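A short write-up of the structure that comes next.
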Ligand code: ZN
């Protein structure tokens, strides 16, 4: 089922999501809905908080599925960055909850991500490139943070004024 995506400044986007603590059938249904919603948007990542659900879970797919490639979905429950590389990079990021805005965000280029998969198993993977960036963006959502919270206040003001027009 395609779910409505909340738009900034909905206050629910600023709330941190509580740990899920395990996999329930509700979470499995939500995961399928998040993937369907992300692919339909289309987007490369979507967090449960973006559809108003208080679950610590995000989905992402940074493969070339939009150009006809095979889908490679990740469903990450209770995700956590356990290590991050010392090199950072700034890149433009968009967000399905802030349509029409791109902001340059500085983040570590590589991170180690730990998460619980849909079978309830804990997974760990070293991520780089788009995967590392999207995973960090989605974990920010689960902490109630948006890309607007990651840029300097003057730039934020400029972008918000532009999007309000
Ligand atoms: Zn986002």
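Residue numbers (my numbering): 189 to 353.
Just so it is clear, CB atoms sit at the ideal spot from N, CA and C, and this is done for glycine as well.
Quick caveat, the model's predicted, so the values are computed rather than measured.
Residue burial annotation: residue 285 is buried, with at least 16 other C-beta atoms found within 10 angstroms of its C-beta. A direct Cα-Cα distance of roughly 30 Å separates residue 189 from residue 317. Residue 235 has its CB nearer than 8 Å to a heavy atom of ligand 1.
Closest by C-alpha distance to residue 267, out of 193, 295, 294 and 320, is 320. Using a 10 angstroms sphere on the CB of residue 310, the tally of other CB atoms stays under 16, which defines it as exposed.
Nearest Cα to residue 205 within the set 339, 239, 345 and 249: 239.
Relative to the non-hydrogen atoms of ligand 1, the Cβ of residue 238 comes within a distance shorter than 8 Å of at least one.
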